[in-house]
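Structure first, commentary second.
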């Protein structure tokens, strides 16, 4: 195949046994040359004649999005677009531009140009555009939608204003409709121009509401009014004038017998129109104003009315009310701190009504208390616990006492619990068990037990809780300790009890281990035991007791030695021995507990009637031998192991040789 655009000549495209082949990756709407030859084992045939074939064109890509070219005007602008990036192998023959003004897209241009000027448009309106292109290969898809907004213009002319309601002597109420055309931009407001009888004019109103009240007119005069709208571009044209000129009776005309008066007042400094309130309306020339605040300046004005309308208000006249007794104290501003026998009150100062407050009366129950000066707080003492009181407060100034406040019910708190009696129910040399109360705690009391420190001489807490007993440990023997206790509940901490002093006991000597027996014969044995640990500087001695099954224990030995030989025993009899340590104190002896018993049995007597003297002596010597001690057994075992080791070594040496 040959592509003349590449200038490479004919290039092989296929080599095989098939009689057809599809050429791929060709260009749209392009002419290509082809030739063919056959080959076998003998060689290749000559090339065939050259033939030309052309590819078909394809439809183009969509054009670029239409956009504004230049500046948008109020009734026309120009849009432009980019050609498609891929034309499908054929040049574009036509562009189709469509516009949507709110009723759907319609075609407004067909041609080869890449821009178009849209005319006869409405100001301030948004228009949407899309474009497609056509070639010999087909028609593309529509482009992305572009939008353009025309410039707005000033609003159109309004209709003449119209009279709304009944006209008054000094003012009229006008209303008007919105302009039929807003110029493509929202109306921002309106202007009303008033033309006086002498042809002078003034702007009577400017605002966003389509109605207004024009004041400051003269009765029986002819006035003209016209209105115009404006937006962000500017002011629209004036409407046709509305002429108003019927005759009205003026306020300044001759008096009418049907006349009434409207006085009004204000208690705010200055004569601001908004601060006045009407207090009377009627034909009388006087009135009584009630419910005023004492020591306050009020301003008054009066106005006359007749059938023609209301006249102007008179000048302000000021008047101040005299001071009065203070206002009532608000219960919402009263704060209380309640105790068992006291109530602390504080409150916010009420209105003094023009005279400084001198003092306060506080009524609690049937008793009245007075504060010192104008201090708005007081603490009342000497009350009964758990009692309900009614409290009222009254302020007093130079004019007199004010009203009492609403009664408040206040309940005093209960008294804290009294301390219980402290007792010692258990002694030892290093601890004291203390007890208080009756064992019941129905009031959910909390007890705090304190002990005086031996070093600092200050009481420190050792227990706090609802219990009724506590064991104080880690104490010193024969030492006096001081304690005190107090009870607490939701009402607070009660008073301390009196100081109780309890003394620990002397420490007993510790219990010894069971004594060991040795050298037991028919009539004697050897007893030894471990010494007890020394307690301070006091001397320790030991007490050894002996007993049998049929007799009680009796003392055999008392002394400081830790061994003893017992004689005069009966042969073949079972005995028990025990030992106890005895502490020798300055005020006497203090025996400790006895050790566990050690039981032993003396040897029995063996009688031999007919034996040679030699055998008898051997048996006698064997029977009368002393028992082997632990040290002797250790020596025997060591000698046996040594003998066995020597024998094993000799056997191994014999085997190796």
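In full-length UniProt numbering, the protein residues as written are 1 to 657.
Glycine residues also receive a C-beta, built at the ideal position from the N, C-alpha and C atoms.
Compare the Cα-Cα distances from residue i to each of the options and report the closest residue.
i	options	result
residue 339	295, 414 and 346	414
residue 600	419, 489 and 578	578
residue 20	36, 134 and 40	36
residue 179	72, 165, 159 and 344	159
residue 132	456, 106 and 94	94
residue 236	210, 287 and 181	181
residue 461	479, 439 and 484	484
residue 392	480, 530, 294 and 370	370
residue 344	641, 217 and 380	380
residue 31	282, 50, 14 and 16	50
residue 218	304, 311, 562 and 584	311
residue 6	18, 26, 110 and 14	26
residue 214	164, 592, 187 and 189	164
residue 202	209, 514, 304 and 224	224
residue 150	71, 86, 143 and 157	71
residue 77	152, 48, 23 and 34	152
residue 284	536, 397 and 303	303
residue 437	449, 420, 518 and 137	420
residue 552	647, 654, 575 and 502	575
residue 329	366, 287, 290 and 376	376
residue 16	166, 34, 28 and 38	38
residue 426	14, 471, 560 and 641	471
residue 143	48, 64 and 562	64
residue 454	467, 465, 466 and 482	482
residue 502	204, 378, 405 and 423	423
residue 24	1, 10 and 230	1
residue 174	59, 192, 183 and 650	192
residue 287	332, 536 and 300	300
residue 197	83, 183 and 220	220
residue 195	230, 211, 183 and 244	244
According to DSSP, residue i sits in a beta bridge with which residue or residues?
i	result
residue 459	452
residue 469	435
residue 357	397
residue 161	Paired residue(s): none; residue 161 is not in a bridge.
residue 496	For residue 496, which the question treats as bridged, DSSP gives no partner whatsoever.
residue 464	448
residue 306	309
residue 200	Paired residue(s): none; residue 200 is not in a bridge.
residue 42	None, per the DSSP bridge assignment.
residue 228	191
residue 484	450
residue 211	175
residue 424	434
residue 276	Bridge partners of residue 276: none, in fact.
residue 9	For residue 9, which the question treats as bridged, DSSP gives no partner whatsoever.
residue 205	192
residue 243	224
My understanding is that residue i touches residue j, with C-beta atoms under 8 Å, so please give their C-beta distance in whole angstroms.
i	j	result
residue 525	residue 566	5 Å
residue 62	residue 185	So it is not a contact: roughly 34 Å between Cβ atoms.
residue 238	residue 228	5 Å
residue 130	residue 145	5 Å
residue 359	residue 373	6 Å
residue 412	residue 385	5 Å
residue 207	residue 234	Between residue 234 and residue 207 the Cβ distance is about 17 Å, and since that is not below 8 Å, they are no contact.
residue 602	residue 556	In fact, because the Cβ distance is near 15 Å, the residues do not count as touching under 8 Å.
residue 161	residue 242	5 Å
residue 350	residue 395	5 Å
residue 494	residue 403	With a Cβ gap of about 42 Å, residue 494 and residue 403 do not count as contacting.
Counting only beta-carbon atoms, is residue i nearer than 8 Å to chain C?
i	result
residue 499	Protein chains in the displayed structure number just one, and chain C is not present.
So does the region 161–171 actually touch the region 84–97, counting three or more Cβ pairs closer than 8 Å? no
Using 8 Å as the threshold, is the region 49–59 in touch with the region 100–118, meaning 3 or more CB pairs across them? no
Would you say the region 420–439 touches the region 472–482, given that touching needs at least three Cβ pairs under 8 Å? yes
Would you call the region 482–502 and the region 442–458 touching, i.e. three or more CB-CB distances under 8 Å? yes
At least three beta-carbon pairs within less than 8 Å, the region 539–558 to the region 567–586: yes
So, do the region 348–356 and the region 320–336 have three or more beta carbon pairs nearer to each other than 8 Å? yes
Cβ contact (3+ pairs, closer than 8 Å) linking the region 546–554 and the region 492–508: By the criterion of at least three beta-carbon pairs nearer than 8 Å, the region 546–554 is not in contact with the region 492–508.
Count the C-beta pairs between the region 97–104 and the region 39–52 that are closer than 8 Å, then say yes if the count reaches three, no if not. no
Restricting to runs no shorter than 3 residues, where is the beta strand (DSSP E) found entirely within the UniProt domain "Fibronectin type-III" (511–605)? 516–518, 525–528, 539–548, 554–559, 563–566, 574–585, 588–591 and 598–601
Whole beta strand (DSSP E) elements within the region 98–182, 3-residue minimum: 105–111, 115–118, 126–135, 146–149 and 172–175
Mind pulling the beta strand (DSSP E) runs of 3 or more residues that sit fully within the UniProt domain "Fibronectin type-III" (322–418)? 335–338, 343–346, 357–364, 367–370, 377–380, 388–397 and 408–411
Let me know the beta strand (DSSP E) ranges lying completely inside the region 58–102, each 3 residues or longer, listed in chain order. 67–69, 77–80 and 94–100
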